[in-house]
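**Student:**
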Amino acid sequence: MAQRHTFTQNATHRPMTTAHLAQTMSLLEMNNNELAEKIQNELANNPALELKEDYRCPVCGKKLVNQVCSVCSRPPSLDPSDPIVFVSSRNTYSSSYTSRRSEDYESFEDFSVDTEDLPFYVLNQIRTELKPDERAIAAAILHGLDDNGFYPQPLVELAVHHHVPLSKIEHVRSLIQHSDPIGVASQSAQEALIVQADTLREDGFDMPPLTKRALEEGFHELSKKDHRALSKRLGISISDTEKIIAFISENLNPFPAHAHWGSHRNQTSDEPERYQDPDIIISYNKEDPEAQLVVQVLWPIYGNLHINQFLKKVIAETKTDSSKQLAEEQQKAMLLIKCIAQRNHTLVQLMQKLAYDQRKFILKGDRYLIPMTRASVAEELGVHESTISRAVSSKSVQLPSGKIVPLSQFFDRSLQVRTIIKDMIEKEKKPLSDTKIASKLSQDGYNIARRTVAKYRSMEGILPAHLRKKQN
DNA sequence: CTATGGCACGGATT
DNA sequence: AATCCGTGCCATAG
């Protein structure tokens with residue numbers, strides 16, 4: 245299939261000044277956090293630059309009233325036959341927690357999330373799972389969250405107000421509750437904890453027996469940390485009770501809106517995982533496997549950047565020295581806006597290419613990653629290698645699965661084979677030696693040296709054949 | 001003798 | 001130019 249994007253390519257090849265070039269490069273290698281900081285900085289120092297805070301729905305572009313678009317949450321479909329849809333960076337929104345400054349909470353362990361951001365953050369995760377008539381309900385629930393992330397009002401009221409059965413409201417709320425932060429929109433701390441416990445269990449998390457019952461039946465004792473009374477109620481020993489309490493306080497969070505504690509993740513506690521906010525989000529409608537991929541290049545701040553029109557007028561009309569200086573500032577502001585546009589354009593082009601080529605990887609997981617290099621992408625897009633390199637660096641993508649991975653993972657040469665090996669070992673009957681694995685792989689067309697298999701194996705934290713005899 | 005990890009080299013990639 | 005990565009060789013363990 246030929247070019248499927250409608251973005252103009254030749255717009256890129258405008259002549260640039262060296263300043264333009266230098267700035268575009270440095271902006272390109274910034275992720276959204278850094279870019280947000282940069283923009284804030286410029287806004288503070290440059291009077292010619294102006295932020296128009298027109299809050300718009302990230303998906304329909306409609307003006308927002310209560311931070312959450314109450315009407316729609318469906319991405320606009322530019323062309324229904326196109327497998328990829330872009331919600332480009334202009335007029336999109338800042339994803340939730342993105343805008344918090346680190347110094348805001350460094351000293352507090354239990355900082356409270358800006359609850360104005362929370363609805364956005366959650367809505368974004370569930371958008372593609374909502375049916376049209378459920379959107380307004382989701383918006384209403386998210387709008388009614390209190391500071392702790394609870395939805396204290398009775399659900400029946402919503403059902404009456406929206407003229408739908410209570411079960412529908414419950415369904416929507418359950419979707420919300422299972423988003424990150426898990427348990428949000430529960431009616432109480434107790435309910436939030438139960439939802440979290442359920443989710444962890446579904447994820448195959450080991451937890452002490454009776455944890456759920458402790459939450460359901462012994463919540464009163466639990467909140468008072470009354471070990472004796474709790475153990476009596478559950479009919480188990482004190483030490484088992486203490487295990488439950490320890491588990492709950494370590495892994496669960498009664499107030500979903502207060503800082504997330506590192507959401508659930510794979511069983512293996514591997515490298516220090518950074519919970520970076522994504523710069524790009526890829527989602528799709530999970531009910532329709534042929535659905536379009538929705539790629540959002542997130543815009544790190546609220547509102548859009550503009551040139552201060554008032555100042556522009558002043559500059560045009562006066563010819564004093566000070567206005568000359570202002571004119572310079574204005575030039576700088578225009579340059580910045582242009583460079584940011586350039587950056588976004590590059591990112592969109594890159595994601596276009598990746599979303600199209602790696603659709604299977606995005607939808608189905610690591611083993612469908614087609615190995616590709618930055619250089620080859622650069623060639624196809626007609627840009628310099630270093631451009632791609634910068635664009636890829638320090639960015640992260642949220643995949644439809646909810647996983648947030650570094651953008652560089654798209655260029656991981658070995659990820660595909662590594663996951664195939666992992667699968668192979670999981671399905672093995674007798675432990676396979678590295679040599680066996682290597683020869684099996686070459687039958688499937690993967691020519692990998694035995695030595696390399698060993699390396700991949702250890703990268704995945706899998707023990708050598710003779711040590712994994714009878715596991716699981 | 002087989003399976004695996006360490007070290008280091010060279011080519012690819014950034 | 002600097003770094004990363006796959007691979008070969010060899011030593012060691014079982």
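Per this note's numbering, residue 245 is the first one in the first sequence, and the count goes up by one each step.
Glycine is no exception: its CB is placed at the ideal position from the N, C-alpha and C atoms.
As the structure is a computational prediction, the values presented were derived from the model and not from experiment.
Can you tell me the Cβ-Cβ gap for residue 664 and residue 603, rounded? I've got them flagged as a contact below 8 Å.
**Tutor:** If you number the first sequence from 1, residue 664 lands on position 420. If you number the first sequence from 1, residue 603 lands on position 359. Rounded, the Cβ-Cβ distance is 19 Å, inconsistent with contact.
**Student:** Tell me whether the beta-carbon of residue 621 lies closer than 8 Å to the beta-carbon of residue 597.
**Tutor:** By 1-based counting over the first sequence, the position of residue 621 is 377. By 1-based counting over the first sequence, the position of residue 597 is 353. Yes, these two residues count as a Cβ contact at 8 Å.
**Student:** Starting from residue 648, follow its DSSP beta bridges and name the residues at the other end.
**Tutor:** Counting from 1 along the first sequence, the entry for residue 648 is found at position 404. Looking at the DSSP assignment, residue 648 forms a beta bridge with 642.
**Student:** Less than 8 Å between the CB atoms is what I'm expecting for residue 279 and residue 271, so what's the real figure, rounded?
**Tutor:** If you number the first sequence from 1, residue 279 lands on position 35. If you number the first sequence from 1, residue 271 lands on position 27. That belief holds up - the Cβ atoms of residue 279 and residue 271 are roughly 7 Å apart, short of 8 Å.
**Student:** Assuming residue 538 contacts residue 372 (C-beta within less than 8 Å), just tell me the rounded distance between them.
**Tutor:** Locating residue 538 in the first sequence gives position 294, where the first residue counts as 1. Locating residue 372 in the first sequence gives position 128, where the first residue counts as 1. Right, the Cβ-Cβ distance comes to about 7 Å (below 8 Å), so this counts as a contact.
**Student:** So, are the CB atoms of residue 393 and residue 428 less than 8 Å apart?
**Tutor:** Stepping through the first sequence from its first residue, residue 393 is reached at position 149. Stepping through the first sequence from its first residue, residue 428 is reached at position 184. Cβ atoms of residue 393 and residue 428: closer than 8 Å.
**Student:** If I follow the unbroken alpha helix (DSSP H) through residue 415, where does it start and stop?
**Tutor:** One-based indexing of the first sequence puts residue 415 at position 171. Where residue 415 is concerned, the enclosing alpha helix (DSSP H) stretches over 410 to 421.
**Student:** Within 10 Å of its beta-carbon, does residue 493 have 16 or more other beta-carbons around it, so buried, or fewer, so exposed?
**Tutor:** Here residue 493 is taken as the residue at index 249 of the first sequence, counted from 1. Label assigned to residue 493: exposed.
**Student:** Use the C-beta contact count for residue 411: other C-beta atoms within 10 angstroms, 16 or more gives buried, fewer gives exposed.
**Tutor:** The residue you call residue 411 lines up with position 167 of the first sequence. Residue 411 should be labelled exposed.
**Student:** Using only CA atoms, which one of 606, 623, 654 lies nearest to residue 616?
**Tutor:** Against the first sequence, residue 616 aligns to sequence position 372. Of the candidates 606, 623, 654, the one whose C-alpha sits nearest the C-alpha of residue 616 is 654.
**Student:** Specify the secondary structure class of residue 275 as computed by DSSP and reduced to three states.
**Tutor:** Start at 1 with the first residue of the first sequence, and residue 275 comes out as number 31. In the structure shown, residue 275 sits in coil (DSSP, three-state: anything other than H, G, I, E or B).
**Student:** What are the boundary residues of the beta strand (DSSP E) that includes residue 674?
**Tutor:** To locate residue 674, count along the first sequence from 1; it is residue 430. Residue 674 -> no beta strand (DSSP E), and no H or E assigned at all.
**Student:** Tell me residue 296's beta-bridge partners as DSSP assigns them.
**Tutor:** In the first sequence, residue 296 corresponds to position 52, counting from 1. Note: residue 296 sits in a beta bridge opposite 548.
**Student:** Do you know whose CA, among 567, 398, 709, lies nearest residue 677's CA?
**Tutor:** Residue numbering aside, residue 677 sits at position 433 when the first sequence is read from its first letter. Comparing Cα-Cα distances from residue 677 to each of 567, 398, 709, the minimum goes to 709.
**Student:** Measuring straight from C-alpha to C-alpha, what distance separates residue 643 and residue 594?
**Tutor:** Translated into positions along the first sequence, residue 643 becomes position 399. Translated into positions along the first sequence, residue 594 becomes position 350. So the alpha carbons of these two residues sit roughly 16 Å apart.
**Student:** Give the DSSP-derived three-state secondary structure of residue 703 in the structure shown.
**Tutor:** By one-based count along the first sequence, residue 703 stands at place 459. DSSP places residue 703 in helix when its eight states are reduced to three.
**Student:** Should residue 590 be labelled buried (16 or more other beta-carbon atoms within 10 Å of its own) or exposed?
**Tutor:** Here residue 590 refers to the residue found at position 346 when the first sequence is read from its first residue. Burial call: buried.
**Student:** Helix, strand or coil for residue 620? Go by DSSP, reduced to three states.
**Tutor:** Counted from its first residue, the first sequence places residue 620 at position 376. DSSP, read as helix, strand or coil, puts residue 620 in helix.
**Student:** Determine the extent of the alpha helix (DSSP H) in which residue 445 is found, giving its start and end residues.
**Tutor:** Position 201 of the first sequence, counted from the first residue, corresponds to residue 445. 433 to 446 is the extent of the alpha helix (DSSP H) around residue 445.
**Student:** Alpha carbon to alpha carbon, how far is residue 363 from residue 386?
**Tutor:** As a position in the first sequence, residue 363 is number 119, starting the count at 1. As a position in the first sequence, residue 386 is number 142, starting the count at 1. The straight-line gap from Cα to Cα measures roughly 5 Å.
**Student:** Classify residue 479: buried if its beta carbon has 16 or more other beta carbons within 10 angstroms, exposed otherwise.
**Tutor:** Position 235 of the first sequence, counting from 1, holds the residue named residue 479. Residue 479 comes out exposed.
**Student:** Can you give me the start and stop residues for the alpha helix (DSSP H) that residue 572 sits inside?
**Tutor:** For this step, residue 572 is matched to residue 328 along the first sequence. 565 to 601 is the extent of the alpha helix (DSSP H) around residue 572.
**Student:** Let me confirm a value: residue 679 is counted as buried when at least 16 other C-beta atoms fall within 10 Å, else exposed. Which label applies?
**Tutor:** Position 435 of the first sequence, counted from the first residue, corresponds to residue 679. Residue 679 is exposed by the Cβ-count criterion.
**Student:** Tell me whether residue 379 is buried or exposed, calling it buried when 16 or more other Cβ atoms sit within 10 Å of its Cβ.
**Tutor:** Here residue 379 corresponds to residue number 135 of the first sequence, with the count starting at 1. Buried is the call here.
**Student:** I want to know whether the region 656 to 670 touches the region 628 to 639 - three or more CB-CB distances under 8 Å.
**Tutor:** no
**Student:** My assumption, with CB atoms under 8 Å, is that residue 465 sits in contact with residue 474. Please give the rounded CB distance.
**Tutor:** Numbered from 1 along the first sequence, position 221 holds the residue referred to as residue 465. Numbered from 1 along the first sequence, position 230 holds the residue referred to as residue 474. So it is a contact: roughly 4 Å between Cβ atoms.
**Student:** Could you check what DSSP says for residue 657 in three-state terms: helix, strand or coil?
**Tutor:** As a first step, residue 657 must be located in the first sequence, where it is residue number 413. It is coil, neither helix nor strand.
**Student:** Hey, how far is the Cα of residue 578 from the Cα of residue 551?
**Tutor:** Counting from 1 along the first sequence, the entry for residue 578 is found at position 334. Counting from 1 along the first sequence, the entry for residue 551 is found at position 307. Each residue's alpha carbon lies about 7 Å from the other.
**Student:** State buried or exposed for residue 613, treating a residue as buried only when at least 16 other CB atoms are found within 10 Å of its CB.
**Tutor:** Mapped onto the first sequence, residue 613 falls at position 369. The residue in question, residue 613, is buried, as its Cβ has 16 or more Cβ neighbours within 10 Å.
**Student:** As a quick exercise: from 636, 661, 660, pick the residue whose alpha carbon is nearest that of residue 650.
**Tutor:** Position 406 of the first sequence holds residue 650. With distances taken between Cα atoms, residue 650 lies closest to 636.
**Student:** Check for me: the alpha helix (DSSP H) holding residue 682 runs from which residue to which?
**Tutor:** Numbered from its first residue, the first sequence carries residue 682 at position 438. Segment 678 to 687, the alpha helix (DSSP H) holding residue 682.
**Student:** Is it buried or exposed for residue 499, if we count other Cβ within 10 angstroms and need 16 for buried?
**Tutor:** Taking the first residue of the first sequence as 1, we reach residue 499 at position 255. Residue environment for residue 499: buried (at least 16 other C-beta atoms within 10 angstroms of its C-beta).
**Student:** Rounding to the nearest angstrom, what Cα-Cα distance links residue 524 and residue 674 in this structure?
**Tutor:** Here residue 524 is taken as the residue at index 280 of the first sequence, counted from 1. Here residue 674 is taken as the residue at index 430 of the first sequence, counted from 1. Each residue's Cα considered, the two are about 42 Å apart.
**Student:** Tell me which same chain residues have a C-beta within less than 7 Å of the C-beta of residue 366, skipping the five on either side of it?
**Tutor:** Within the first sequence, residue 366 is the residue found at index 122, counting from 1. The answer, listed in chain order, is 386, 420, 423, 428.
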